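> Each residue of the sequence shown is one higher than the one before, counting from 1093 in our numbering. Idealized CB from N, CA, C, for every residue including glycine. These figures come from a predicted structure and were not determined experimentally.
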Amino acid sequence: MNPILALDQGLTGFTVGVTVYFFFIQSPKLAKTMGKEKFVPLMMALTRVWAKTTFLSSTANLAMSLYLSSNGTTMNIYLVAIGWMAMALNWFIVVPAALKAGARSARERKGDHSKDLKEFAVNGGGIDIIRVATASLQLH
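#1: Give me, in chain order, the residues of the same chain whose beta-carbon lies closer than 8 Å to that of residue 1222; leave out the 5 immediate sequence neighbours on both sides.
#2: What's the call for residue 1162, buried or exposed, on a 16-neighbour Cβ count within 10 Å?
#3: Just tell me which of 1154, 1190, 1126 and 1170 has its CA closest to the CA of residue 1097.
#4: Using the C-alpha atoms, what's the distance from residue 1165 back to residue 1105?
#5: Kindly indicate which residue of 1188, 1137 and 1175 has the alpha-carbon position closest to the one of residue 1148.
#6: Is there a Cβ from chain C that is less than 8 Å from the Cβ of residue 1174?
#7: Can you find the residues in the same chain that come closer than 6 Å, C-beta to C-beta, to residue 1123, ignoring five residues on each side of it along the sequence?
#8: Would you decide whether residue 1156 is buried or exposed? Buried here means 16 or more other CB atoms lie within 10 Å of its CB.
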């Protein structure tokens, strides 16, 4: 197997795996065990790390895919580009909005953390973008 193709597939698996683990395994488990008061500030910090990591890995994935497609390897570059655009949108627009919404909600409530998670997750948006990114990278 071509080592660059293996790297491309590894980056795709990493980006999708980290995203699925972060949102569908780790987050519900932490929310349940820690409670909302401790969970929301931790999740806000982890979201920033997740967004940066997946943006960088999807950028490298796009670069590898472009290199492979220019050298005659058959692949659907459009799916990788859609996944990258979704991750870039997350990093530059969605995550900052979610972090601002979560911080604003925490300041407004001071002790009442029952709505912080909703403000962070819903007003920040992004779950549909995460679905698009994950699906397009999986299909790649």
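Quick answer:
#1: 1111, 1115, 1178 and 1182, listed in sequence order.
#2: When all chains shown are included, residue 1162 counts as exposed.
#3: Considering only alpha carbons, the answer is 1154.
#4: Their Cα atoms are separated by approximately 19 Å.
#5: Considering only 1188, 1137 and 1175, the residue with the shortest C-alpha distance to residue 1148 is 1175.
#6: Here there is only one protein chain, and chain C is not present.
#7: Excluding sequence positions up to five before and after residue 1123, its CB lies within less than 6 Å of the CB of 1131, all in the same chain and listed in chain order.
#8: Its Cβ being crowded by 16 or more others within 10 Å, residue 1156 is buried.
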